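Okay, so here's the structure we're looking at.
Numbering (our numbering), first residue to last: -11 to 245.
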């Protein structure tokens, strides 16, 4: 990061959750920080017509053919592997001394921010580690266990079920995000969950500027047995959303995604 770190002793982000999180609850973060070799367990992604994994691909035609053939799932898995490797290796390199000092905390904070943990979370986590272990003996594995428990606790503290409004039919959920952020996969998971609860689900392919996005959502609709409202590439997304809502009302759908 560089520069002054005066903000460290200013406003601090609240620390959510405490104590040790069980192995089951730590999930992906627990396995990442423990340096496990097992890849994160991810749901199977839809398959494009060309046989590649399809969920939330960017559709960037400038990408080399070999990279495109690797597919979304492979790229995501490799990205997680690189991130976990960078974190575990970085922690090992930072904590070369037995006693926890300020220099080690500064390096850990930088490492967490570089790993996209977020500035506020990185500050809160390092401050808690300082409060518990400053000027005490620590080892890399102990720090990895601490991070797994702390990050798992923060996520658990904000986790809450998605509850549908009883008076809304259909209940409309708009999923927004940049390319590759997981919109299509999230819609597929939500649709499968709602359908499993016996609700009538309808999907709308609002990303009308990417043919792959329409195809991917259609595949998810087929998998969960939900109709998909789609238009040709380049169609007006606002008009599609209006038509989808009208159809969902006509067909008495419980949820429109």
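No residue lacks a Cβ here, since even glycine has one placed at the ideal position from N, Cα and C. For clarity, every value in this text was computed on a predicted model and none was experimentally measured.
Among the options, nearest to residue i - alpha-carbon criterion
i, options, result
"residue 173", "199, 184, 209 and 95", "209"
"residue 238", "112, 140, 189 and 219", "189"
"residue 215", "195, 176, 199 and 222", "176"
"residue 132", "79, 116 and 179", "79"
"residue 194", "187, 184 and 206", "206"
"residue 164", "120, 187, 225 and 99", "225"
"residue 89", "168, 211 and 117", "117"
"residue 187", "227, 213, 100 and 105", "213"
"residue 167", "86, 199, 157 and 158", "199"
"residue 240", "158, 169, 220 and 211", "158"
Per-residue DSSP class, three states only, for residue i
i, result
"residue 230", "helix"
"residue 192", "strand"
"residue 185", "coil"
"residue 212", "helix"
"residue 244", "strand"
"residue 163", "coil"
"residue 99", "helix"
"residue 86", "coil"
"residue 122", "strand"
"residue 107", "helix"
"residue 237", "helix"
"residue 221", "coil"
"residue 151", "coil"
"residue 158", "coil"
"residue 127", "coil"
"residue 142", "helix"
"residue 176", "helix"
"residue 197", "coil"
Any chain B beta carbon closer than 7 Å to residue i
i, result
"residue 87", "Of the protein chains in this structure there is only one, and it is not chain B."
Through-space distance from residue j to residue i, alpha-carbon basis
i, j, result
"residue 129", "residue 171", "35 Å"
"residue 244", "residue 229", "10 Å"
"residue 103", "residue 114", "14 Å"
"residue 124", "residue 201", "52 Å"
"residue 122", "residue 94", "12 Å"
"residue 145", "residue 242", "29 Å"
"residue 161", "residue 223", "21 Å"
"residue 37", "residue 182", "With a pLDDT of 40 at residue 37, under the threshold of 50, the predicted position of this residue should be treated as unreliable, though the coordinate-derived value follows. So the two alpha carbons sit approximately 27 Å from each other."
"residue 235", "residue 218", "12 Å"
"residue 151", "residue 192", "20 Å"
"residue 184", "residue 126", "47 Å"
"residue 148", "residue 155", "20 Å"
"residue 169", "residue 134", "28 Å"
"residue 100", "residue 86", "20 Å"
"residue 221", "residue 153", "32 Å"
Residue i burial status per 10 Å Cβ neighbour count (16 or more: buried)
i, result
"residue 204", "buried"
"residue 197", "exposed"
"residue 97", "buried"
"residue 232", "buried"
"residue 289", "Absent from the structure is residue 289, since the part of the chain shown begins at -11 and ends at 245."
"residue 142", "buried"
"residue 18", "Summary for residue 18: the model assigns pLDDT 47, below 50, so the residue's position carries little reliability, and this model does not support an answer."
Heavy atom of the ligand GDP within 6 Å of residue i beta-carbon
i, result
"residue 95", "The model on display carries no ligand, and the ligand GDP is accordingly not part of it."
Practice task
Could you tell me whether the segment 126 to 145 touches the segment 95 to 114, where touching means 3 or more Cβ pairs closer than 8 Å?
Solution key: yes
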